[in-house]
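See below for the structure under consideration.
Residue numbers (UniProt numbering): 1 to 205.
Below, the structure is given as structure tokens:
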């Protein structure tokens, strides 16, 4: 996984510049490499297996003495804790609802931290992506949500998510920004020139 290069980030910024000419909405894009480090989850799996497996084999006749069982448990825990921390293994151990929950929380924090809730006429929009979780979300303030049905953004999110899964994050951003811009142009048309928030892609790595 690699985040967008500087030239690709500029393309995202330029796309926002183009759509904001026609709308009073303030669009902010955030790209996170990963929403959480999930360090505790590999340890939980290692501890669970180290408790269950030696306990199960101990029921076999004449298998292990008590002190040997403890050694096996400790050795198994250490080996699995190291193995489960490998980048190729760790993501597979994290339940989907946990990954999406962490990404969802980060998106909402970014909405606040980027001051999208303080825009003139409450027309802030966040397009958020977390690559490791393959998670995309669009959050809008009440000035937009009162004029555009959430189903419109859900469709854009679904398409963008497929592009992230296919490794086409840049194209996903560009397509999503264009789709959102078309909706915002009619729902929240430009009334005067302004630019309250930065248009650059914010990268959290």
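For glycine and all other residues, C-beta sits at the position ideal for the given N, C-alpha and C.
Taking the alpha carbon of residue i as the reference point, which residue from the options has its own alpha carbon closest?
| i | options | result |
| --- | --- | --- |
| residue 20 | 39, 189, 52 | 189 |
| residue 102 | 53, 193, 27, 35 | 35 |
| residue 191 | 97, 33, 22, 4 | 22 |
| residue 41 | 180, 89, 104, 124 | 89 |
| residue 32 | 71, 148, 10, 128 | 128 |
| residue 162 | 50, 126, 131 | 131 |
| residue 81 | 49, 98, 69, 95 | 49 |
| residue 135 | 94, 86, 107 | 107 |
Would a C-beta distance cut-off of 8 Å place residue i and residue j closer than the cut-off?
| i | j | result |
| --- | --- | --- |
| residue 170 | residue 8 | yes |
| residue 133 | residue 100 | yes |
| residue 197 | residue 119 | yes |
| residue 137 | residue 104 | yes |
| residue 15 | residue 184 | no |
| residue 180 | residue 72 | no |
Can you give me the C-alpha to C-alpha distance between residue i and residue j, rounded to a whole angstrom?
| i | j | result |
| --- | --- | --- |
| residue 1 | residue 13 | For residue 1, the predicted structure reports a pLDDT of 46, less than 50, and the residue's modelled location is therefore unreliable. The matter cannot be settled from this model. |
| residue 167 | residue 160 | 11 Å |
| residue 78 | residue 43 | 9 Å |
| residue 75 | residue 39 | 20 Å |
| residue 30 | residue 140 | 14 Å |
| residue 47 | residue 123 | 48 Å |
| residue 193 | residue 182 | 18 Å |
| residue 152 | residue 126 | 14 Å |
| residue 69 | residue 92 | 28 Å |
| residue 110 | residue 53 | 42 Å |
| residue 146 | residue 87 | 43 Å |
| residue 11 | residue 174 | 8 Å |
Since residue i sits in a beta bridge, which residues does DSSP pair it with?
| i | result |
| --- | --- |
| residue 204 | 32 |
| residue 72 | Residue 72 is not bridged to any residue. |
| residue 27 | 125 |
Exercise. In chain order, which continuous runs of the beta strand (DSSP E) of length 3 or greater are located wholly inside the UniProt domain "TPM" (106-182)?
Worked result: Fully enclosed beta strand (DSSP E) runs of 3 or longer: 124-130, 135-140.
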